[in-house]
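There are 2 protein chains.
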Amino acid sequence: MPEALRLATAARDAARVLAATSTAQRNRALLAMAHAVSDKSDEIMAANAADMEAARQRGTAESLLDRLELTPQRLKAIAEAVKELAALPDPIGEVVEGKRLPNGIWLSQVRVPLGVVAMIYEARPNVTADAAALCIKTGNAVVLRGGSLAINSNLALTRVLANAAVGAGLPAGCIASVESTDYAEVNELMGLHGLVDVLIPRGGAGLIKSVVDNAKVPVIETGVGNCHVYVHESADAEMAKRIVVNAKCQRPGVCNAAESLLVDEAVYERVLPPILKELESAGVTLVADEKVRGLGAVLRIQPATEEDWATEYLELKMSVKVVTGLDEAIAHINEYGTHHSEAIVTEDYDAAMRFLNEVDAAAVYVNASTRFTDGGEFGLGAEIGISTQKLHARGPMGLAALTSTKWLGMGSGQIRE
Amino acid sequence: MPEALRLATAARDAARVLAATSTAQRNRALLAMAHAVSDKSDEIMAANAADMEAARQRGTAESLLDRLELTPQRLKAIAEAVKELAALPDPIGEVVEGKRLPNGIWLSQVRVPLGVVAMIYEARPNVTADAAALCIKTGNAVVLRGGSLAINSNLALTRVLANAAVGAGLPAGCIASVESTDYAEVNELMGLHGLVDVLIPRGGAGLIKSVVDNAKVPVIETGVGNCHVYVHESADAEMAKRIVVNAKCQRPGVCNAAESLLVDEAVYERVLPPILKELESAGVTLVADEKVRGLGAVLRIQPATEEDWATEYLELKMSVKVVTGLDEAIAHINEYGTHHSEAIVTEDYDAAMRFLNEVDAAAVYVNASTRFTDGGEFGLGAEIGISTQKLHARGPMGLAALTSTKWLGMGSGQIRE
Chain D
1 MPEALRLATA ARDAARVLAA TSTAQRNRAL LAMAHAVSDK SDEIMAANAA DMEAARQRGT
61 AESLLDRLEL TPQRLKAIAE AVKELAALPD PIGEVVEGKR LPNGIWLSQV RVPLGVVAMI
121 YEARPNVTAD AAALCIKTGN AVVLRGGSLA INSNLALTRV LANAAVGAGL PAGCIASVES
181 TDYAEVNELM GLHGLVDVLI PRGGAGLIKS VVDNAKVPVI ETGVGNCHVY VHESADAEMA
241 KRIVVNAKCQ RPGVCNAAES LLVDEAVYER VLPPILKELE SAGVTLVADE KVRGLGAVLR
301 IQPATEEDWA TEYLELKMSV KVVTGLDEAI AHINEYGTHH SEAIVTEDYD AAMRFLNEVD
361 AAAVYVNAST RFTDGGEFGL GAEIGISTQK LHARGPMGLA ALTSTKWLGM GSGQIRE
Chain S
418 MPEALRLATA ARDAARVLAA TSTAQRNRAL LAMAHAVSDK SDEIMAANAA DMEAARQRGT
478 AESLLDRLEL TPQRLKAIAE AVKELAALPD PIGEVVEGKR LPNGIWLSQV RVPLGVVAMI
538 YEARPNVTAD AAALCIKTGN AVVLRGGSLA INSNLALTRV LANAAVGAGL PAGCIASVES
598 TDYAEVNELM GLHGLVDVLI PRGGAGLIKS VVDNAKVPVI ETGVGNCHVY VHESADAEMA
658 KRIVVNAKCQ RPGVCNAAES LLVDEAVYER VLPPILKELE SAGVTLVADE KVRGLGAVLR
718 IQPATEEDWA TEYLELKMSV KVVTGLDEAI AHINEYGTHH SEAIVTEDYD AAMRFLNEVD
778 AAAVYVNAST RFTDGGEFGL GAEIGISTQK LHARGPMGLA ALTSTKWLGM GSGQIRE
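Chains as they are written, first to last, in my numbering: chain D, 1 to 417; chain S, 418 to 834.
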């Protein structure tokens, strides 16, 4: 039997038990899990050291090594995050709506766990702990498949977290990681329709595409962000510069960072040079259309290709384009964007309203950085990822995104006439 | 270019325009659509007559012919249903939640259309009108692919509805049906990731499975219902009989009809015979386990096979099983059921609460028929189908199930520190 099938079957059985646990039981398990991460930090650090060593020998890039590495501080932050979840309100059992029907049946729609959540993700071991804790908080069993680079770290974390959860009274099988690094197990996991209630991929565009193309289980797409800042002709030039630089440079490797800058034709000669200079001095590589290149504001700007407009760089690189106005900006964003986070800088009320209404994205901003699209910034308390699809959840996904609902009908013998 | 791709591309463009229409515009279009169905009834009836003639020549079963046939009364009901939608509240633009963030950004989450909805369905032409009207109400463009048996009826209805919608000012391409009956177009439609925001299959288990296995676009599974009535040892025998007979016989061809009857061992000898006799006299074919057959209550009961416990008959047939008690009943339902609608008949408070809490289904009833799982019965105003998955929507799907959300952030120059 494939390992993913075995783990998902056990998770399904665990999910049925989990669904009947109380908020207090699950919060106690979270505290035990947080405690165990601190308590077993040597075991986890040793596993991570083995991953780091193997990754270095494979010649892994520094940026990836940084994502992979666990430090005592990072491990402490992981334990802290698990502990903080225990203090958040429990979405499970919330009565979403309800009424007495004309026939006398008391009907209510209540929030219940999804059941079995699967996650496929890449190098960061903190995702293992985050995902396990968020699922336990919401009464879900979880089957994890992290990147092979972090395999030892992930398995050590899973072992520590699962033992703590089971020790605190939760059912065996409620937290599991696929041990095999064989890619066949990923395909198996994606195909377990009827066992896996939702699959959340977290990682680069390649991983997301593979899951979308191959999964038979319901999927929530996350994270690919080709985000724009559009500087309208009425924009405050100083504010535009501040927002563009923040959206591009504050943390370029994340999905809500901006990748593309659009500027109105009427003002680009005045507004753009200071922005380009600041981007250049922040180390940003620029590609642009002919008008922008013609400005001669900075030394090296390569021509932007059709592919550039559609690319999420995830690094200090930005494409720049002059547009004729609001209509072209909105059309360009809806065409090339990934419907993640989009911002306009404007002092014009109508332009602001039209941008809010007509741009099709999970988050649309006026006069604010795209970087605010985040569960923490939005006050959701915790985040399992940022959905870029329209079904079930859109934008930062908090605890409620890990729940479903169920209708309860309490009658006294009613039949349908 | 495959027809489905062409229609979905046009629908995507139409959806962008639709998203910016007002409630009043869309309601006016619905009234025009309802009027057009009455006005062009000759054209629609002639197309349906052609479908009926072709179906009869192919030797189509009477029950299918009945589903296919449009009568003046049915066409009037279709127009009436479209008209009634215009009077329902518009979910689009509802502010789901919102607040001013600590940094001063006004953040609100608002309800928006999904974008492009695709539906694949079988013989009933009324689904064409229902789906088109529900999508227009919620600002979505729709691409339909009905069964080949109803092709002329569906195309005539689509033509009439689309012309009326466009005549009332909605964008061309907002309502379309795939004209080709080539199955390749179904596969094409299921694969249009990035163009189709959600695909809703409506039909038998075979259709649903094919969509789940092959779709690359997000899917909402609907309608397969292997529903149970469980008679607990404490049940009122008369109430149990009434509910079982209603759940099985009131309309056996629909998804919320019961397919399987479970009875506690402690009472089956007393409670079951009158139920079996009533089912038999209602024309129900029975299959059962050995204990039930040993009762000799009715003449012909075939042995139930393992497959029977998992089968949605959708006709006057029912499987019957004796269980040792609540634990076995819940385990059996969670194992063999399709998580649609499940009912317990009991006078015991603890049994009622455990059944509500532990049965994993879209709708769970105490002392009421499974037949109540319905958008109309639940007071949702309209129904696009009944979801049996846990993501996005579960149970009867009203207008809100055809919406997504979008976060709007209104700032004054905020950047992330």
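Ideal placement from N, C-alpha and C gives every residue a C-beta, glycine not left out.
When CB distances to chain S are screened at a threshold of 8 Å, the residues of the segment 166-195 of chain D falling below it are His-193, in chain order.
Within chain S, the residues placing a beta-carbon under 8 Å from that of Ala-20(D) are Asn-774 and Glu-775, ordered along the chain. Nearest to Gly-398(D) by C-alpha distance, out of Gly-115(D), Ile-384(D) and Ala-164(D), is Ile-384(D).
Within the same chain, Ala-496 come within 6 Å of Ser-455(S) by CB-CB distance, once the 5 residues on both sides are set aside. If you compare the alpha carbons of Ala-449(S), Thr-488(S) and Ala-727(S) with that of Gly-586(S), the shortest gap goes to Ala-449(S).
Residue contact check for Asn-246(D) against chain S: a CB pair falls below 8 Å. In this structure Leu-18(D) does not touch Glu-188(D) by the C-beta definition: roughly 23 Å separates them, more than the 8 Å allowed.
Below the 8 Å Cβ cutoff, chain S contributes Asp-653, Met-656, Arg-659, Ile-660, Asn-784 and Ala-785 as neighbours of Gly-413(D), in chain order.
Contact between Leu-572(S) and Ala-453(S) is absent: CB atoms are separated by about 15 Å, not below the 8 Å threshold. Below the 9 Å Cβ cutoff, chain D contributes Ile-415, Arg-416 and Glu-417 as neighbours of Gln-667(S), in chain order.
Within chain S, no C-beta atom comes less than 8 Å from the C-beta of Thr-311(D); the nearest is roughly 16 Å away. Comparing C-alpha distances from Glu-655(S) to each of Val-110(D), Ala-343(D), Gly-413(D) and Thr-405(D) shows the shortest one belongs to Gly-413(D). With a cut-off of 8 Å on Cβ pairs, the segment 763-770 of chain S is not in contact with the segment 787-794 of chain S, counting fewer than three such pairs. The segment 740-747 of chain S makes contact with the segment 771-778 of chain S; the number of CB pairs closer than 8 Å reaches 3 or more. Taking C-beta atoms as the reference points, Ala-705(S) and Ser-736(S) count as a pair closer than 8 Å. In the three-state scheme derived from DSSP, where H, G and I count as helix and E and B as strand, Ile-415(D) is classed as coil. Ala-683(S) and Val-648(S) have their C-alpha atoms roughly 11 Å apart. Within the segment 710-740 of chain S, the complete alpha helix (DSSP H) segments of 4 residues or longer fall at 723-726, listed in chain order. Chain-ordered, the chain D residues with CB closer than 8 Å to the CB of Ala-778(S) read Lys-406. The alpha-carbon of Val-117(D) is positioned some 44 Å away from that of Glu-278(D). Counting along the chain, Ile-386(D) sits inside the beta strand (DSSP E) bounded by residues 385-387. Of the residues assessed, Thr-722(S) falls on the exposed side of the cut-off, its CB having fewer than 16 other CB atoms within 10 angstroms.
In the DSSP assignment, the residues bridged to His-228(D) are Ser-260(D) and Glu-342(D).
Per DSSP, the unbroken beta strand (DSSP E) holding Ser-177(D) starts and ends at 175-177.
For a Cβ distance threshold of 7 Å, residue set Pro-635 of chain S lies close to Gln-389(D), ordered along the chain.
Within the same chain, and ignoring the five residues on either side of Tyr-782(S) in sequence, the residues whose Cβ sits closer than 8 Å to its Cβ are Ser-758, Glu-759, Ala-760, Ile-761 and Phe-789. Listed as beta-bridge partners of Ser-108(D) by DSSP are Gly-98(D) and Leu-408(D). Secondary structure note for Thr-23(D): its alpha helix (DSSP H) is the uninterrupted segment 23-39. Contact note: Met-410(D) reaches chain S through Ala-769, Leu-773, Tyr-782, Val-783, Asn-784 and Ala-785, using a C-beta cutoff of 9 Å and chain order. Identification of chain S residues near Val-198(D) by a Cβ-Cβ cut-off of 8 Å yields Lys-807 and Leu-808, ordered along the chain.
Residue Asp-197(D) holds the alpha-carbon nearest to the alpha-carbon of Asp-13(D) among Asp-197(D), Thr-181(D), Gly-223(D) and Ala-55(D).
Look at Gly-115(D) here: in three-state DSSP terms it is coil, with no helix or strand label. When DSSP reads this structure, Ala-156(D) sits in no beta bridge, so it has no partner. Within chain D, the residues placing a beta-carbon under 9 Å from that of Gly-796(S) are Lys-99, Leu-101, Pro-102 and Leu-107, ordered along the chain. By the rule that beta-carbons nearer than 8 Å mark a contact, Leu-485(S) does not touch chain D.
Put simply, the CB of Asn-569(S) is far from chain D, with every gap to its CB atoms at 8 Å or more.
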